[in-house]
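Okay, so the sequence shown: first residue is 4 according to my numbering, each after it adds one. Glycine is no exception: its CB is placed at the ideal position from the N, C-alpha and C atoms. All values derive from a computational prediction rather than experimental measurement.
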Amino acid sequence: MSAAPPPPPSTMITVAPTGAEAIKADVPALPTTTDELVETAIRCERAGAAMVHVHIRDDEDRPTLDRRRLTDTVAALREQTDLLVQLSTGGSVTDPFEDRLRVLDARPDSCSLTMGTVNFGDAVFLNPWPFIVELYQASQAAEVVPEFELFDLGHVAALHRLLDAHGLPYGGRVHCDLVMGVPGGMPGTAAALVAAVAALPPQTTSWSATGIGRCALPGALAALSAGGHLRVGMEDTVSYARGRPVAHNAELVQRASALAEVAQRPAMSPAAARDLLQVRTDAAR
Ligand code: KMH
Ligand code: ZN
Numbered sequence: 004m005s006a007a008p009p010p011p012p013s014t015m016i017t018v019a020p021t022g023a024e025a026i027k028a029d030v031p032a033l034p035t036t037t038d039e040l041v042e043t044a045i046r047c048e049r050a051g052a053a054m055v056h057v058h059i060r061d062d063e064d065r066p067t068l069d070r071r072r073l074t075d076t077v078a079a080l081r082e083q084t085d086l087l088v089q090l091s092t093g094g095s096v097t098d099p100f101e102d103r104l105r106v107l108d109a110r111p112d113s114c115s116l117t118m119g120t121v122n123f124g125d126a127v128f129l130n131p132w133p134f135i136v137e138l139y140q141a142s143q144a145a146e147v148v149p150e151f152e153l154f155d156l157g158h159v160a161a162l163h164r165l166l167d168a169h170g171l172p173y174g175g176r177v178h179c180d181l182v183m184g185v186p187g188g189m190p191g192t193a194a195a196l197v198a199a200v201a202a203l204p205p206q207t208t209s210w211s212a213t214g215i216g217r218c219a220l221p222g223a224l225a226a227l228s229a230g231g232h233l234r235v236g237m238e239d240t241v242s243y244a245r246g247r248p249v250a251h252n253a254e255l256v257q258r259a260s261a262l263a264e265v266a267q268r269p270a271m272s273p274a275a276a277r278d279l280l281q282v283r284t285d286a287a288r
């Protein structure tokens, strides 16, 4: 176990605007079409986001990993914004491993890579070790920078094992996201965050935190105070405050930006985030 890296001078804000779980009919503000996603990305970039974590939907607003649609979405986001584009390889809990691996064919800057299986509400988010290794090696070959999604302390231990056995990611940086408050994963508390950060592998160069549901705000405050970056968005919470639905993802980014400013670690530009994560330069502007 190692000490956490020193607090960075600025904060990378990732927006996760859609996810695979919320249903458009229940949450009309959820961006599900490409046009809605691009409009969201533009507004979130203006509000301080540096990266967008993308799940796409089909014409009926259902989660999909359709390769053509993923490729077109990456292109549309690159054309209209400077944001780093991170594609989810988690998809939805029903997506087959084969489709999750093929996400890399869409050539994003970054991809999520979850470090273990976790109960996910009433479902199970499956990430067996052989799949983790295959996805990791595919990300190295495709020159896509992974963001290691850690839902539990066991996932932190699995990251030690992965890096020890298979070396550093493409680009040489190790960026983690602590996902806290999923029913089945670690709780969204400062104590859990501190324990997870203390257990991160020594190769870790940056980390962020994501609080699910009512853990969104406490998670962000704990992350800022412990030197982490932030992920916010309607994938993680559809409530801005008790009884007040999120009207637009940009509201959550604005709030994260304001908190980062108060913490004297203002929001980082996409260019600075490219440098932080060492994403491929042919994908950069
Ligand atoms: N939708 C969850 C089952 C990821 O994007 O990699 C998985 C998830 C994590 O959202
Ligand atoms: Zn996701």
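A distance criterion of 7 Å places the beta-carbon of serine 142 beyond contact range of the ligand KMH, judged by its closest non-hydrogen atom. When rounded, the separation of the alpha-carbon atoms in glutamine 89 and glycine 246 is 31 Å. Cβ contact annotation for alanine 44 (same chain, cutoff 6 Å, sequence separation greater than five): Val55, Leu80, Thr84, Leu86, in chain order.
Leucine 203 places its beta carbon 8 Å or farther from that of leucine 262.
Under the three-pair Cβ rule at 8 Å, the segment 23-36 does not count as touching the segment 270-285. Here aspartate 180 is buried. Its C-beta has 16 or more other C-beta atoms within 10 Å.
When rounded, the separation of the alpha-carbon atoms in valine 197 and glycine 222 is 11 Å. DSSP places serine 228 in the helix class (H, G or I) of the three-state scheme. A straight line joining the alpha-carbon of alanine 141 with that of arginine 105 spans about 9 Å.
Relative to the ligand KMH, the beta carbon of phenylalanine 100 is positioned no closer than 7 Å to any heavy atom.
Annotation: the segment 193-272 contains the following complete segments of the beta strand (DSSP E) (minimum length 3 residues), in chain order: 209-214, 232-235, 242-244. Of the candidates Ala145, Tyr139, Val185, Glu146, Tyr139 places its Cα closest to the Cα of leucine 166. In the structure shown, threonine 37 falls within a helical segment according to DSSP collapsed to helix, strand and coil. If you look at serine 142, you'll find it in the alpha helix (DSSP H) that goes 132-145.
Per DSSP, reduced to three states, the secondary structure at histidine 158 is helical.
The ligand KMH never approaches phenylalanine 134 closely enough for any of its heavy atoms to be under 7 Å from the residue's Cβ. The continuous alpha helix (DSSP H) containing valine 77 extends over residues 70-83.
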